[in-house]
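Be aware that the sequence shown starts at 24, since it is given in the numbering used here, and climbs by one per residue.
From the three backbone atoms N, C-alpha and C, an ideal C-beta is built for every residue, glycine too.
Note that the coordinates shown come from a computational prediction; the quantities given were computed from them, not determined experimentally.
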Amino acid sequence: MLQQKAYAKLNLSLDILGRRSDGYHDLRMVMQSVSLHDTVTLIPREAGVTLLCDDPGIPSGKGNIAYRAAEAFLHAAGGRSSGVEIHIEKRIPSQAGMAGGSSDAAAVLRGLNQLYKAPLTVAELCHIGSKIGADVPYCVVGGSQLAEGTGERLSPLPDMPGCSIVVCKPAIGVGTAEAFRRADQRPSPPRGYTGGVIDALKRSDLPALGRALGNDFEDILPIAAVSHLKELLRKAGALGAAMTGSGSAVFALFATGTQAAAARELLPKDLFACVCRPVPAYCFPELEINTP
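If you want it as structure tokens, here you go:
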């Protein structure tokens, strides 16, 4: 048996650069792992894949991206492994833009590679992940990363400065397809948040990082509930706040855990909310990280 922590993802920046000929969109974004996590337990079995989750709303078969990750790994391993039983303890909220499913899938890939001692490199794990979901390659590696293309091209960045982060999720969702459609119709180019975020990370400047946070989805398809939560968090002393991914979770940076805990208490009690911290990239001591 082997356990993996599947850390949630935040977008410190998200720039939609334009639509590609294949119908997808080129993105440029800075992703960051945080300590909020699911727990993925892998148990070797003689054959096949089974998946159990403590959240009854999460699918247990091929509709689950972690299930598909296990199948893809077992196929790629070329008979060096047999089967696996997967248990997922969910803590990352669904449909929040925090890559909960992708992080579970990445944990399965990392865990199976360790469990069955298969000689797959980080690049090979990321390549498998890219066939399953756009965020999976990032979630394999984690930490502070510049992600480009659809998210599959990764470049490591300096670790995020130490801080406390409040994450909360309003009940409303975001129309991703509509947001992309509006992005294609913008009369002017995107503002470009990513450069400022990278600069702040390189200087390890937390206040500057807070000021640099930004997400094109917010600009293109503003949501009143998201704006309201950001305003509450800023009034509570946040150095900056933004929506993550295509939403609808909102996060805010605080210099201290005391400030973050106090801010969390000001949020509506019926919303998911937590205090977490940035975490570094997963450790692959024997492998060189070189994503395709």
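| Item | Value |
| --- | --- |
| Proximity of Leu135 and Leu65 at Cβ, strictly below 8 Å | yes |
| 8 Å contact criterion, which Val189 and Phe274 should meet: CB distance rounded | 7 Å |
| Alpha helix (DSSP H) runs wholly inside the segment 28-116, at least 4 long, in chain order | 88-99 |
| Option nearest Ala245 by Cα separation, candidates Arg257, Ala265 and Gly233 | The question names Ala, but residue 245 in the sequence shown is Pro. Among Arg257, Ala265 and Gly233, the Cα nearest to that of Pro245 belongs to Ala265. |
| Contact under 8 Å by Cβ, Val131 with Ala92 | yes |
| Secondary structure of Arg176, DSSP reduced to three states | strand |
| 8 Å contact criterion, which Arg114 and Leu59 should meet: CB distance rounded | 6 Å |
| Per-residue DSSP class, three states only, for Gln168 | strand |
| Asp45 burial status per 10 Å Cβ neighbour count (16 or more: buried) | exposed |
| For Gly196, the three-state DSSP class (helix, strand or coil) | coil |
| Test item: CB-CB of Ala278 and Leu262 under 8 Å | yes |
| Assigned exposure category for Gln55 - 16 Cβ within 10 Å defines buried | buried |
| For Ala265, the first and last residue of its enclosing beta strand (DSSP E) | Gly263 to Met266 |
| Other residues of its chain near Ile161: CB distance less than 7 Å, five sequence neighbours each side excluded | Note that residue 161 corresponds to Tyr in the displayed sequence, not to Ile. Contacts found: Lys32, Met54, Gln168, Ala170, Gly174 and Leu177. |
| Range covered by the alpha helix (DSSP H) that runs through Val302 | No alpha helix (DSSP H) holds Val302; DSSP gives it neither H nor E. |
| Cα-Cα separation, Ser250 to Gly101 | 49 Å |
| Neighbour-count burial assignment, Ser9, 16 or more Cβ in a 10 Å radius | Missing from the structure shown is residue 9; the chain here goes from 24 to 315 and no further. |
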